[in-house]
Amino acid sequence: MNREQKILSLLDQFKGLGIDQQIDYNKFYLYSIITHSTAIEGSTVTEIENQLLFDEGISAKGRSMTEQLMNLDLKAAYEQSIVFAKSHSDISVDMLKKLSSIVLKNTGTIYNTPLGEFSSANGDLRLLNVTAGTGGCSYTNYSKVPTKLAELCENINQRRKSLSKTDIIECYKLSFDTHFHLATIHPWADGNGRMSRLLMNRLQFELDIIPFNINKDHKTEYIEAFIATRENDDIELFRGFMFDEHIRNLEQTIRNYRDSPSDCVNKKLQDFSRSFLLTLYFEHFLLNQTI
Numbered sequence: 001m002n003r004e005q006k007i008l009s010l011l012d013q014f015k016g017l018g019i020d021q022q023i024d025y026n027k028f029y030l031y032s033i034i035t036h037s038t039a040i041e042g043s044t045v046t047e048i049e050n051q052l053l054f055d056e057g058i059s060a061k062g063r064s065m066t067e068q069l070m071n072l073d074l075k076a077a078y079e080q081s082i083v084f085a086k087s088h089s090d091i092s093v094d095m096l097k098k099l100s101s102i103v104l105k106n107t108g109t110i111y112n113t114p115l116g117e118f119s120s121a122n123g124d125l126r127l128l129n130v131t132a133g134t135g136g137c138s139y140t141n142y143s144k145v146p147t148k149l150a151e152l153c154e155n156i157n158q159r160r161k162s163l164s165k166t167d168i169i170e171c172y173k174l175s176f177d178t179h180f181h182l183a184t185i186h187p188w189a190d191g192n193g194r195m196s197r198l199l200m201n202r203l204q205f206e207l208d209i210i211p212f213n214i215n216k217d218h219k220t221e222y223i224e225a226f227i228a229t230r231e232n233d234d235i236e237l238f239r240g241f242m243f244d245e246h247i248r249n250l251e252q253t254i255r256n257y258r259d260s261p262s263d264c265v266n267k268k269l270q271d272f273s274r275s276f277l278l279t280l281y282f283e284h285f286l287l288n289q290t291i
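Quick note on UniProt numbering: the sequence shown kicks off at 1 and runs consecutively.
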């Protein structure tokens, strides 16, 4: 069974078990996506802490204000992206700048450059060049960012319009490719990783497929997949990692569901019912034998 067949099989199991029909499943799954996305960027806030922060307004003890604001802002950005997904709005540069301004609303920075001042909190595109760490490759030259970003939006919209929602694999490929290319353009001075994952999920919401969550514990492999894809100019390398990660997540979710306490209770009730019925059967059988 290849990756694509494995994904489809797991998705059938996921739907068949009704995992996403549980009370508040979508809400808590979204909280998990947010927590892992910010954790990849350095946040130490846990899923439980985010649940309390989002639902009760309770701050996490020992966590910095910046970390908590990062999570609150990303939650607000996801809520806006879901609105865009439901309206099937075209992907545009203005939309992306709007989402970026929400992602960095309370943690953005004002930059002063020879070309002028810009603010990441306003969703402004960068006016400086950036590299992927010390000695890393340079991202798209700042002067080319507006054009490259507009081209990406046009490409995404064309693929969206020609895509069949029943072709689940192609739907995922579109979202994965979008994630990779937006991160490669690196339009902003900060928040590119969160924005790339957000746009990927926004497309998945629209296409009605299970949103993809990148586990923070697999950050190294995630970055290595980016590097290998760029160096080899082969998008299949990134797609491969993303599908493998989705397979791991789906398998774990299905295991957790099957091992859940409620499942154990149901199994015990079923076992009790069988035992009770067998007892009645044998009592009836013995009674008839005696008569």
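Glycine included, C-beta positions come from ideal geometry on N, C-alpha and C.
Here residue 17 has 254, 257 and 258 as same chain residues with Cβ atoms under 8 Å from its own Cβ, once five neighbours each way along the sequence are excluded. Per DSSP, reduced to three states, the secondary structure at residue 41 is coil, with no helix or strand assignment. Going by beta carbons, residue 213 and residue 25 fall outside the 9 Å limit.
The secondary-structure analysis by DSSP pairs residue 111 across a beta bridge with 118. Under DSSP, residue 131 takes part in a beta bridge, and its partners are 138. Taking 9 Å as the cut-off, the Cβ atoms of residue 71 and residue 84 do not count as close. Separation of the CB atoms of residue 140 and residue 185 is rounded to 5 Å, and the pair is thereby assigned contact status at 8 Å. Using a Cβ distance threshold of 9 Å, residue 191 and residue 108 count as a contacting pair. Non-local C-beta neighbours of residue 175 in its own chain, meaning closer than 6 Å and more than five positions away in sequence, comprise 200, 203 and 204, ordered along the chain.
The Cβ atoms of residue 123 and residue 188 lie closer than 9 Å to each other. Around the beta carbon of residue 131, a 10 Å sphere encloses fewer than 16 other beta carbons of the protein chains shown; the residue is thus reported as exposed.
Secondary structure at residue 164: coil, using DSSP grouped into helix, strand and coil. From the listed residues 79, 234 and 145, the smallest Cα separation to residue 198 is found for 79.
With contacts defined by Cβ atoms closer than 9 Å, residue 93 and residue 194 do not form a contacting pair.
According to the DSSP assignment, residue 255 belongs to the alpha helix (DSSP H) that extends over 235-258. Between residue 179 and residue 95, the C-beta spacing is not below 9 Å. Close CB contacts of residue 59 within its chain, under the 7 Å cut and outside five residues either way in sequence, are with 53 and 68 (chain order).
Separation of the CB atoms of residue 221 and residue 10 is rounded to 19 Å, and the pair is thereby denied contact status at 8 Å. Counted as a single uninterrupted DSSP element, the alpha helix (DSSP H) harbouring residue 7 occupies residues 3-17.
DSSP, read as helix, strand or coil, puts residue 88 in coil.
Sorting 164, 219 and 169 by C-alpha distance to the C-alpha of residue 236 places 169 at the top. In terms of Cα proximity to residue 89, the closest of 154, 36, 144 and 118 is 154. With fewer than 16 neighbouring CB atoms inside 10 Å of its own CB, residue 66 falls in the exposed class. Here DSSP, grouped into helix, strand and coil, assigns residue 125 to coil. Residue 248 sits exposed, since fewer than 16 C-beta atoms from the chains shown fall within 10 Å of its C-beta. The alpha-carbon separation between residue 158 and residue 114 amounts to approximately 37 Å. Taken atom to atom, the span from the alpha-carbon of residue 40 to that of residue 87 is near 29 Å.
Note on residue 35: 16 or more other CB atoms within 10 angstroms of its CB, so buried under the neighbour-count rule. Residue 177 counts as buried, since at least 16 other C-beta atoms from the protein chains shown sit within 10 angstroms of its C-beta.
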